[in-house]
Amino acid sequence: MCDQTFIAVTFGACDSCGKASPLMNIYIKNEPINYCSFCVEVMAWQGLQKGETLASLKQESENLRKKLEEERGKLTDVELHQVAEKVETVAALSIKTRRVLKGHGNKVLSMDWCKDKRRLVSSSQDGKVIVWDAFTLNKEHGITLPCTWVMACAYAPSGCAVACGGLDNKCSVVPLSLDRNENVTAKKKSVAMHTNYVSGCSFTNSDMQLLTSSGDGTCALWDVESGQLLQSFHGHTADVLSLDLAPSETGNTFVSGGCDMKAN
């Protein structure tokens with residue numbers, strides 16, 4: 252019996268059957284309820300019946316679980332290594348270094364290609380974001396952030412902007428200009444704000460929406476124009492370290508991975 256329930260014997264009308272008899276005065280959360288001994292026995296019997304029903308449901312659930320495991324066992328009729336033996340050997344890939352892009356002063360933490368397949372953006376622990384021409388090795392733009400460890404960067408689908416973020420807990424969008432001498436850093440706009448570092452970012456199929464992942468254990472979808480949070484995604488129990496958008500026209504599916512050893 253819990254500390255909020257106790258029984259006292261009194262005399263009066265039963266709250267259940269209305270008969271005047273010695274009562275079992277039951278206090279539940281300091282609220283007295285008066286029942287005669289017969290009604291108390293009936294309620295106890297009903298409670299026992301409920302307990303038996305619960306036990307039978309548990310047994311039924313256990314039986315269903317065992318049947319499900321048996322059906323799964325029928326489907327898993329072969330081991331992975333046995334199937335792999337029948338697969339043809341994949342020839343060694345011939346990968347050669349075509350270009351080496353040099354310019355960062357510390358570890359390069361993230362990179363992303365532009366859809367034109369020529370330009371790319373990189374972010375580094377030196378606090379800089381660089382837009383490159385992969386054909387000529389020229390640096391088209393250099394963006395300096397107020398913090399080091401720029402852990403995330405992404406090219407907009409139109410190729411007219413890049414997003415970047417890191418230990419400042421923000422993800423900013425920087426519009427790019429055809430004039431390489433223009434200071435694009437001055438046009439930087441903060442779009443996303445997390446309560447911990449930004450670990451990844453990706454535009455959807457539109458320049459107007461940005462998806463971010465963070466060390467605060469969440470992913471979030473933002474409106475680029477207003478900076479408004481459109482949707483927050485929960486499910487990780489630790490830092491979210493990466494995300495990737497599924498290659499579809501709608502752009503409404505993504506995967507994220509984190510320190511909880513899960514991919515959601």
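Per the working numbering, the very first residue in the sequence shown carries number 252; after that it's consecutive.
Every residue, glycine too, gets a C-beta built ideally from N, C-alpha and C.
Starting from residue i, follow its DSSP beta bridges and name the residues at the other end.
i	result
S507	L494
G451	S464
R370	D384
V359	S375
A514	G508
M459	Beta-bridge pairing links M459 to no other residue.
W364	L371
Pick from the options: whose alpha carbon is nearest that of residue i?
i	options	result
N503	S493, L305, S453	S453
Y448	A489, M512, V413	A489
P426	D419, T436, N432, L418	T436
N420	L496, V341, D467, W473	D467
K366	C470, L480, L494, T455	T455
N357	R350, K347, S373	S373
A414	I394, D430, N432	I394
R431	T469, V382, L461, C404	V382
S441	L429, A412, S499, D363	A412
Q479	A471, V329, H485	A471
S493	G486, S450, S457	S450
A514	G486, S499, H332	G486
Alpha helix (DSSP H) containing residue i: first to last residue?
i	result
H332	331-335
By the DSSP assignment, the beta strand (DSSP E) with residue i in it spans what residues?
i	result
K439	Note, K439: premise wrong, no beta strand (DSSP E); not H, not E.
T395	390-395
S483	480-484
P426	421-426
L238	Since the first and last residues shown for the chain are 252 and 515, residue 238 lies out of range.
C404	403-406
G354	Premise fails: G354 is in no beta strand (DSSP E) and is neither H nor E.
A412	412-416
Is the closest heavy atom of the ligand FAD to the C-beta of residue i under 7 Å?
i	result
E313	Absence of the ligand FAD from the depicted structure is noted, as is the absence of any ligand whatsoever, leaving it without description.
Beta-carbon within less than 7 Å of residue i's beta-carbon, same chain only, minus the 5 sequence neighbours each way: which residues are those?
i	result
F386	R369
K438	V425, P426
P397	D419
M512	none
Leaving out the 5 sequence neighbours to the left and right, which residues in its chain are closer than 6 Å to residue i when beta-carbon positions are compared?
i	result
N434	none
K317	none
C510	A489, D490
A443	C422, T463, W473
W400	Q376, G417, L418
V359	S373, S375
G355	The question names Gly, but residue 355 in the sequence shown is His. Closer than 6 Å at Cβ, skipping near neighbours: S375, D377.
Y406	D363, C365, V372, V413
S483	T469, A471
D495	V506
The stretch 326-344 in contact with the stretch 372-379 per 3-pair CB rule at 8 Å: no
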